[in-house]
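**Q** By our numbering, the letter at position 32 of the sequence shown is numbered 758, and the numbering carries on one by one without gaps. Glycine included, every Cβ here is placed at the ideal spot set by N, Cα and C. No experiment lies behind these values; they were computed from the predicted model shown. First the structure, which I've put down as structure tokens, then a few questions once you've had a look.
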Amino acid sequence: MTWLAPKSDKDAVAQMIIGALMLVALLIEVLV
Numbered sequence: 727m728t729w730l731a732p733k734s735d736k737d738a739v740a741q742m743i744i745g746a747l748m749l750v751a752l753l754i755e756v757l758v
């Protein structure tokens, strides 16, 4: 997956949040 260069701090934070949510979803799928 390739991230586009963030235009602003908000975009960078949003990308971090999306990435974190995807990691959590993967962990839940593995653990459950």
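Return helix, strand or coil for residue 758, following the three-state DSSP convention.
**A** Of the three classes helix, strand and coil, the one that applies to residue 758 here is coil, per DSSP.
**Q** Suppose the cutoff is 6 angstroms on Cβ atoms and the five residues either side in sequence are ignored; what does the same chain contact list for residue 735 look like?
**A** Counting only Cβ-Cβ distances below 6 angstroms, and skipping sequence neighbours, we find nothing.
**Q** Helix, strand or coil for residue 736, going by three-state DSSP, please let me know.
**A** Here residue 736 sits in helix by DSSP.
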